[in-house]
């Protein structure tokens with residue numbers, strides 16, 4: 001998963017992006033980034049097994065003009081190393097709604113308010129098996 005970039009694939013309001021993958025057995029964290037570019041990320045979703053001082057925590061944030069905004073932390077953590085996950089991300093003008101493998105949901109504001117994003121970057125220790133937009 002370390003460094004998979006998808007560009008010019010339109011992800012529009014009302015659509016759902018489904019990402020499936022498997023964190024490696026020794027994964028400390030991985031991230032899904034959605035935005036306009038590497039310096040302009042509307043959603044940074046970062047499940048952390050043990051990284052950056054966090055354990056079994058999901059951190060969401062956005063990056064605007066190269067600067068990180070206020071972090072949003074989620075206690076629910078349905079991820080396990082070496083076990084397949086599925087994340088469904090739907091967005092509106094107001095928010096991103098992420099549905100995790102166990103059915104729990106995370107809401108994160110669409111701080112940029114855009115109706116379309118065309119940049120996705122997947123990073124961390126693991127493998128992405130599928131990316132689908134419907």
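Numbering (UniProt numbering), first residue to last: 1 to 134.
Cβ atoms here follow ideal geometry from the backbone N, Cα and C, with glycine treated the same way.
Less than 8 Å between the C-beta atoms of residue 128 and residue 35, yes or no?
As a first step, residue 128 is located in the chain shown; it is residue number 128 there, counting from the start. As a first step, residue 35 is located in the chain shown; it is residue number 35 there, counting from the start. No; because the gap between Cβ atoms is not below 8 Å, this pair is not in contact.
Nearest to residue 29 by alpha carbon, out of 107, 48 and 37?
The residue labelled residue 29 in the question sits at position 29 within the chain shown. For residue 29, the nearest C-alpha among the options comes from 48.
Give the straight-line distance between the Cα atoms of residue 88 and residue 64, rounded to the nearest whole angstrom.
Counting from 1 along the chain shown, the entry for residue 88 is found at position 88. Counting from 1 along the chain shown, the entry for residue 64 is found at position 64. Roughly 23 Å separates the two Cα atoms.
In chain order, which beta strand (DSSP E) runs of at least 3 residues are fully inside the UniProt domain "Galectin" (3-134)?
Counting whole runs of 3 or more residues, the UniProt domain "Galectin" (3-134) contains the beta strand (DSSP E) stretches 4-12, 16-23, 30-37, 40-51, 54-64, 72-74, 85-91, 95-99, 105-109, 116-124 and 126-133.
For residue 92, does the count of other Cβ atoms within 10 angstroms reach 16, so buried, or fall short, so exposed?
For the purposes of this step, residue 92 is taken as residue 92 along the chain shown, with counting starting at 1. Exposed is the call here.
Let me check you understand the geometry: is the CB of residue 100 closer than 7 Å to at least one non-hydrogen atom of the ligand FAD?
The ligand FAD is absent from the structure shown, which contains no ligands of any kind.
In whole angstroms, give me the CA-to-CA distance for residue 18 and residue 26.
For the purposes of this step, residue 18 is taken as the residue at position 18 of the chain shown. For the purposes of this step, residue 26 is taken as the residue at position 26 of the chain shown. Rounded to the nearest angstrom, the two C-alpha atoms are 24 Å apart.
Measuring alpha carbon to alpha carbon, tell me which residue in 109, 122, 39 and 13 is nearest residue 60.
Reading the chain shown from its first residue, position 60 is the one you call residue 60. Among 109, 122, 39 and 13, the Cα nearest to that of residue 60 is on 109.
Measuring alpha carbon to alpha carbon, tell me which residue in 76, 113 and 50 is nearest residue 98.
Reading the chain shown from its first residue, position 98 is the one you call residue 98. With distances taken between Cα atoms, residue 98 lies closest to 76.
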